[in-house]
Structure formats: structure tokens, C-alpha cells
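K.L.:
Using full-length UniProt numbering, the letters of the sequence shown correspond one by one to residues 1 to 634. We put the CB at the ideal spot given by N, CA and C, even for glycine.
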Amino acid sequence: MGYKDVYAAWAADPEAFWMQAADAIDWDRKPSKALYDENAPLYEWYSDGMVNACWNAVDRHVENGRGEQTAIIYDSPITHTKREISYVELRNRVATLAGALRAKGVEKGDRVIIYMPMIPEAIEAMLACARIGAVHSVVFGGFAANELAVRIDDCQPKAIIAASCGLEPGRTVHYKPLLDGAIDLAKHKPDFCVIYQREQEVAQLIPGRDVNWHGFQYGIQPVDCLPVEGNHPAYILYTSGTTGQPKGVVRHTAGHLVALEWSMQNVYDVDPGDVFWAASDVGWVVGHSYICYGPLVHGNTTIVFEGKPIGTPDAGTFWRVISEHKVKSFFTAPTAFRAVKREDPEGEYVRKYDLSCLKNVYLAGERADPDTLIWAQEKLGKPVIDHWWQTETGWPVAANPMGIEPLPFKLGSPSVPMPGYDVQVLDEAGQPMPAGQLGAIAIKLPLPPGTLPTLWQAEARFRSSYLTHFPGYYETGDAGMIDEDGYVYIMARTDDVINVAGHRLSTGAMEEILASHPDVAETAVIGVSDPLKGQLPLGFVCLSKGVNRPYEEIVRECVTMVRDRIGPVAAFKLAVVVDRLPKTRSGKILRATMVKIADAEEFKLPATIDDPAVLDEIRLALQSLGYAKQKHPA
């Protein structure tokens, strides 16, 4: 069957399609049906089935005689460490850690925050939670203390599993002081913290609360997998919200397993036993879906890579890892390729390695600009496939289904919708737009298995964020179009969440921090185009009356505040003092217009603007930072 046949089979009978897909995973009790629509528009999948994610990711491969196959390859150019963990070893390690958690009182439904770098123990912690039905919430290692505290208060973990430190090229990120600071700030206090001590930094443990990773597991009996309901939460993953308050995306266990298993074969074109590498971090959705669960459920070897695309030690790191570990399918963000391209424009490092094992390269996390995509295809001589999905969906919405049939490539498009996704382009009134016209990208309900059923303890916010604007649809927050061949094009975000190197960050959260500076009266943050990271945040601050300190001093303090509270991941370095901000008569700041000025794009003068002269002041401020290179007709 070709793509059109598979998609048509889903569209004709979604229930039969997803019940058949469910046969690819192991069930303790098979579900009686796929879709539960009794509480529409809050849909659930496989709710009355009984299943365990850890069993499907680890134990079943051991039971099926493949225990000696490598499950995880750990490759850390930062620590000059490489090791392999077989499926049987992974099962034993995870079962013991799960037993230790249970012995300390962690039960089904309890939450556990995981705050770790890219080491195999992070994957083991996720799987150990899944083994006993605990709900994990991985927080990107090194996130600032107050950001971690917000997540502690929201999901109220019984335990936190952390490492003593993370390692970046040339520096150590001290996790333990950040963790201690977060627990001090949080109203909710965990019962205990498990600390994995890295040899690069041994952290001070707090007696009575902190336990050492190894001592914690000493003498513990391993435990079996606990079957959970299909709609039991596997995890909570926080994503940026436009209000600055993070949204806890919930992933139900069964649909998550079925969708990831389907995608490994049909989208990523790998067979059990193949080596699959997603160069991301466990703190992001790619790490959940395609470093941990997807490859392991499908029986692949997954790579846990602790390094950077450049500087560990050079721009050939990706190619070394692919060549050395025989990677068949490679997934990274366009920003990583942009970094490599900037260091090695002629692709000299590519030619140093044998990449004959590599079949396909996949890009996601932000829009893949054609320049980068063409460069990668030319230098690698392999298909470089853009595909599009979100933290909320958990797996690809639009992709080139290489495991079904490779479709013609179209630059600038992540190709076509996958089964389960009825993607449409709507105008503001919710009416479908003609082919080729720009509008809001929305997906007709119900969403397929593996996508978010709700937000953690925030059903009203889930409805208002995703379901209210276009009744009967999931609002993606992206703008784009669909051409006459059915190819999807994602052009921009429709809200003020910006994308910095594949990390979605809320400008609203940054504005709140800037506004807390004692000298700042008003502020706006926009995302400006950046050739390396896709977007960078840029802050405008209006000072309170009577402030006569040097502007450079205030700007420096503002930058420090954002980096301290959100973390280096925000890449916040640009800020400028202005007298006033452009606004509508009703007081709404014209951020979209400011972005167009910064990026030297044509724009139409908003009809509701209060004072057009402000735009010239903004242009001058942007030019002082190297933006707004052209003067635009206003």
C-alpha cells in the first residue's frame, strides 16, 4: 500500500486502523475499542486496555530472545566516555531502580521529577517510573531554580531524581544548588531526592532528604512491571505558555506506545535492531518520543549523546557518531545543522567519515530553511526530510512517510499529513481556506493516539488554549497553507511564543521578568530572525520617570535577570531602552509590527495605531543593535 492508500484506509475507518496498529504492542488486557468519545471534545484512546510502557520498551525484547542486543549507546565527547547497555542489562538496572522507588513509598500515580543531563541514567529513571506506574516529569537539566520551582508546585512530585551536575564545553553546570534553590522556593516539598553523583562534581547531600543513587538501590529487590489503564498518564512535560505559566502536557500511556511504534516503522523507516539517533535532550519532547520510548518500544538501539554539534571537539562530531555506531536514521534540529554549516561550509568534515550506513536524515523542532536543507542534502548525499510536529502532539503531524513510500520532496514543506491528522487551514472565522492561501493551521478532532488528551490539572486551560478558537478543531498556534497536492507549509507561529534553536520560549515570561526590574516601567519582547538559532529574543524597555542611570547598566541587569530566571536556554542577550512602545488605541502593543521592522520585512501600517511616529523610534533603536537594515514605507 502506498501513502494515499494508507491515509485513505485511516480516513475510511479510524477505529479499525488504530485497533490494528494496537496489535504491534504487548497488552496485559486488550482494549475493547480504540476511541472513547463519551466526553468529547476530551477524547481518549484505548482507555480500558491494561498495558505497561516499560514492559513494551524493555522486557518484551528480553523475553523475545533479543536481550543481548544493545539498547542504549552512550557517547559523551565531553567526558570522553562511550559505553553500551544491552536490553537485559537495561531491564535489570531499571527493575532495581523501580524497586528502590517503590520501597521509598512511590506508588502508581505519584509524580517524580527528573532533572538530569544526557546520561543513560536519565532514561533509566524515566523507565523505572513507567515500570511502577509513577508519572514522570522531566525538566531540562540546568533550568533556572524558579522555573523548576514552578514545575514542582504544579505537579507536586513525591520524589525528585537529579544529577550532581551537567557538562557543557568548557564549563560545569551545577545542578544541585539549582535543585536546592528550587525546593526552597517551592511551596510543595518532595519526600526525598535521589542524586546521581558524577565524578566531575560530587554534590553536598542534605541529610534526611537526599539519597545517593547507588546507595539508594543497594540490596533492593527488582520489581516487575505494573499494568496500568490505557488512559493512565505516562508523563507530564511542561511547554511554554503565552501567559508565561508553563503548560503541563499530559501523555496517556497506551496511545503514546501505539503511535510511537507506528511512526518508527512508517515515518523513520527503521526495523528492530537498527540504530536510531535523535540528537536532542531528554528534557524536550523529542527526547521523550525518539530517544527514550519510540526506539526502545520498536526494538532499536538508541543513542544518548552528551555533546554539541560543534566544539566537542569539532564540526565533524555528528558524522563521527553516525559512522562509528552505524546509525541508519538520524534526527536533529535545523539549528544544529546551521551551526555545523557555519563552521564547515564546504563539508570537509563530512568527507572524513564513512556514512554508508546512513539512510535518512530528519529535521524538526522549527522551520527548516531551504538553504540549510539544500546544504545538508548536497554534502551528505542523503535524503534530508523536514517534518513537523509539536510537544502537544508527541509524534509527527506532517512528514514524508519514508517507511511507506518516499514522496516527492518540496522545499519549505514538511510534506503531507500522517494518518490520524486531518490538517486544515482556516480563516479567522473558522472557515477552510483555498489551497495555497495562508491561514491558521488546525487539526480536526479527534486527534490521534499519542497526542495530548488534556493539560495537567488544567482542563479549562486546555479547552481555552486549544479547542475554543475553532470549535471542532485543535488549534496548533501555527500559521501556514496547504498546496493543491496536499503538502503542508508551516510559515510562522500565530502567538508570541518564539522558537530559539528548537526550544519554544514564551516572550510573556521574559516580559514579566523585565518588568520586575525596579527601573523598568514597561516592556515588550519579540523574536527576531537569527541565521543560527532561528530566532532570538529582543527586549524593549521603557524606564520609569526620574531614572538617570546609564542605559548600558540597566540593559546589562535586565539581560542577567532573564538568564538567571529562565536560564541560558533563553539566549537572551539583546535589549534596548526606548521612550515608548507602539500601541493600538486600546493599548495593545504591536509586537508583530515590531518583528517585521526588525527583520526588514514589508508591513502594513496598522489601522488602529495610536501614534505612527513611534515606529520610527523603534526602527532607530533596532538599527543600533544591527537590525531593521531597510527603511520601510509606513
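(1) Looking at the structure shown, is P117 part of a helix, part of a strand, or coil, going by DSSP?
(2) Can the beta-carbon of I404 be found closer than 9 Å to that of M1?
(3) Put E366 into one of helix, strand or coil per three-state DSSP.
(4) What's the C-alpha gap between D314 and I513?
(5) With a 10 Å radius around its C-beta and 16 neighbouring C-beta atoms as the bar for buried, classify A571 as buried or exposed.
(6) So, for L411: in the same chain, excluding its five sequence neighbours on each side, which residues have a beta-carbon less than 7 Å away from its beta-carbon?
(7) Just to confirm, is the Cβ distance from I322 to W388 under 9 Å?
(8) Can you grab the Cα-Cα spacing for the pair V228 / V562, in whole Å?
(9) What do you get for G316, buried or exposed, if any count of 16 or more other CB atoms within 10 angstroms of its CB means buried?
(10) Between A21 and P309, what straight-line distance do the alpha-carbon atoms span, to the nearest angstrom?
(11) So P453 and H252 are in contact, right, with Cβ under 8 Å, and what is the actual spacing, rounded?
(12) How close, in whole Å, do the beta carbons of G527 and T507 come, if the pair is a contact with beta carbons under 8 Å?
(13) What's the call for V547, buried or exposed, on a 16-neighbour Cβ count within 10 Å?
(14) Given L407, which residues of its chain have a CB within under 8 Å of its CB, disregarding the five upstream and five downstream residues?
(15) What do you get for V135, buried or exposed, if any count of 16 or more other CB atoms within 10 angstroms of its CB means buried?
(16) Assuming D330 is part of the alpha helix (DSSP H), what are its boundary residues?
(17) What are the boundary residues of the alpha helix (DSSP H) that F216 is part of?
(18) For M481, report the span of its beta strand (DSSP E) as first-last.
(19) If you draw a straight line from the C-alpha of I72 to the C-alpha of E428, how long is it?
(20) Grab the span of the alpha helix (DSSP H) containing Q623 for me, first residue to last.
(21) Assuming L178 is part of the alpha helix (DSSP H), what are its boundary residues?
(22) I'd like to check one pair, V258 with I25: are the Cβ atoms closer than 9 Å?
(23) Does the contact criterion of 3 or more C-beta pairs under 8 Å hold for the segment 203–212 versus the segment 78–93?
(24) Residue 635 bridges to which residues according to DSSP?
(25) Is it buried or exposed, D28, if we count other Cβ atoms within 10 angstroms and call 16 or more buried?
(26) Under 8 Å Cβ to Cβ from P568, same chain only, skipping five residues before and after it: list those, please.
(27) Can you look up A128 in the DSSP assignment and give me helix, strand or coil?
(28) From which residue to which residue does the beta strand (DSSP E) around P233 run?
(29) Which whole-angstrom value describes the C-beta separation of F462 and G430, a residue pair presumed to lie in contact below a C-beta threshold of 8 Å?
(30) Along the alpha helix (DSSP H) that carries E553, what are the first and last residues, could you check?
(31) Just to confirm the assignment, what range does the beta strand (DSSP E) spanning Y87 have?
(32) Exposed or buried, which one is V138 when buried takes at least 16 other CB atoms within 10 Å?
(33) L167 by DSSP, collapsed to three states: which one?
(34) Hey, could you find the ends of the beta strand (DSSP E) F540 is sitting in?
(35) Below 6 Å CB to CB, which residues in the same chain sit around S586 once its five sequence neighbours on both sides are set aside?
(36) Can you grab the Cα-Cα spacing for the pair I85 / T301, in whole Å?
P.N.:
Checking against the coordinates, here is how it stands:
(1) To locate residue 117, count along the sequence shown from 1; it is residue 117. Coil, per DSSP.
(2) Here residue 404 refers to the residue found at position 404 when the sequence shown is read from its first residue. Here residue 1 refers to the residue found at position 1 when the sequence shown is read from its first residue. Yes, they are a contact pair.
(3) Position 366 of the sequence shown holds residue 366. E366 falls in the coil class under three-state DSSP.
(4) Position 314 of the sequence shown holds residue 314. Position 513 of the sequence shown holds residue 513. Computed Cα separation, rounded: 36 Å.
(5) What you label residue 571 is simply residue 571 of the sequence shown in a count that begins at 1. With 16 or more Cβ atoms within 10 Å of its Cβ, A571 is classed as buried.
(6) Taking the sequence shown and counting its residues from 1, the one referred to as residue 411 is at position 411. If we look at L411 and ignore the five residues flanking it on each side, its Cβ neighbours are P370 and L373.
(7) For the purposes of this step, residue 322 is taken as residue 322 along the sequence shown, with counting starting at 1. For the purposes of this step, residue 388 is taken as residue 388 along the sequence shown, with counting starting at 1. The answer is no: Cβ separation not under 9 Å.
(8) For the purposes of this step, residue 228 is taken as the residue at position 228 of the sequence shown. For the purposes of this step, residue 562 is taken as the residue at position 562 of the sequence shown. Between V228 and V562, the C-alpha separation is close to 41 Å.
(9) The residue you call residue 316 lines up with position 316 of the sequence shown. Buried, by the Cβ-count rule.
(10) The count along the sequence shown starts at 1 and reaches residue 21 at position 21. The count along the sequence shown starts at 1 and reaches residue 309 at position 309. Near 36 Å, if we compare the C-alpha coordinates of P309 and A21.
(11) Residue 453 sits at position 453 when you count from the first residue of the sequence shown. Residue 252 sits at position 252 when you count from the first residue of the sequence shown. Indeed, because the Cβ distance is near 6 Å, the residues count as touching under 8 Å.
(12) In the sequence shown, counting from the first residue as 1, residue 527 sits at position 527. In the sequence shown, counting from the first residue as 1, residue 507 sits at position 507. The pair is a contact, with the Cβ atoms about 7 Å apart (cut-off 8 Å).
(13) Taking the first residue of the sequence shown as 1, we reach residue 547 at position 547. Of the other Cβ atoms in all chains shown, fewer than 16 fall within 10 Å of the Cβ of V547; this residue is therefore exposed.
(14) Position 407 of the sequence shown, counting from 1, holds the residue named residue 407. Taken in chain order, the residues that qualify are Y3, N400, P401, S415 and V416.
(15) Along the sequence shown, read from residue 1 onward, the residue named residue 135 stands at position 135. Burial call: buried.
(16) Taking the first residue of the sequence shown as 1, we reach residue 330 at position 330. The residue you asked about is not Asp; residue 330 is Phe in the sequence shown. Per DSSP, F330 belongs to no alpha helix (DSSP H); it is in the beta strand (DSSP E), V327 to T332.
(17) As a first step, residue 216 is located in the sequence shown; it is residue number 216 there, counting from the start. Unbroken alpha helix (DSSP H) run through F216: W213 to Q217.
(18) Working through the sequence shown from its first residue, we reach residue 481 at position 481. Run containing M481: Y473 to I482, per the beta strand (DSSP E) assignment.
(19) Locating residue 72 in the sequence shown gives position 72, where the first residue counts as 1. Locating residue 428 in the sequence shown gives position 428, where the first residue counts as 1. If I take the Cα positions, the gap works out to 47 Å.
(20) Here residue 623 refers to the residue found at position 623 when the sequence shown is read from its first residue. Segment A613 to S624, the alpha helix (DSSP H) holding Q623.
(21) As a position in the sequence shown, residue 178 is number 178, starting the count at 1. Y175 to L185 is the span of the alpha helix (DSSP H), which, as asked, contains L178.
(22) Numbered from its first residue, the sequence shown carries residue 25 at position 25. Numbered from its first residue, the sequence shown carries residue 258 at position 258. For I25 and V258, yes; Cβs fall inside 9 Å.
(23) no
(24) What the structure shows of the chain is the stretch from 1 to 634, and residue 635 is not part of that stretch, so it cannot be assessed.
(25) For this step, residue 28 is matched to residue 28 along the sequence shown. Answer is exposed; the Cβ neighbour count stays below 16.
(26) For the purposes of this step, residue 568 is identified with residue 568 of the sequence shown, where counting begins at 1. Excluding residues within five positions, the ones whose Cβ falls inside 8 Å are G142.
(27) For this step, residue 128 is matched to residue 128 along the sequence shown. DSSP places A128 in helix when its eight states are reduced to three.
(28) Indexing the sequence shown from 1 puts residue 233 at position 233. Run containing P233: P233 to T239, per the beta strand (DSSP E) assignment.
(29) Translated into the one-based positions of the sequence shown, residue 462 becomes position 462. Translated into the one-based positions of the sequence shown, residue 430 becomes position 430. Contact doesn't hold; Cβ gap of about 19 Å is too wide.
(30) As a first step, residue 553 must be located in the sequence shown, where it is residue number 553. For E553, the uninterrupted alpha helix (DSSP H) segment begins and ends at Y551 to I566.
(31) Numbered from 1 along the sequence shown, position 87 holds the residue referred to as residue 87. Premise fails: Y87 lies in the alpha helix (DSSP H), Y87 to A103, not in any beta strand (DSSP E).
(32) As a first step, residue 138 is located in the sequence shown; it is residue number 138 there, counting from the start. Buried, by the Cβ-count rule.
(33) In the sequence shown, the residue the question calls residue 167 occupies position 167. It is a strand residue.
(34) Translated into positions along the sequence shown, residue 540 becomes position 540. Note, F540: beta strand (DSSP E), G534 to L543.
(35) The sequence position of residue 586 within the sequence shown is 586, counting from 1. Confidence at S586 is low in this model, with a pLDDT of 49, below 50, so its placement is unreliable and the value that follows should be read with caution. Taken in chain order, the list of residues that qualify is empty.
(36) For the purposes of this step, residue 85 is taken as residue 85 along the sequence shown, with counting starting at 1. For the purposes of this step, residue 301 is taken as residue 301 along the sequence shown, with counting starting at 1. I85 and T301: Cα-Cα distance of roughly 9 Å.
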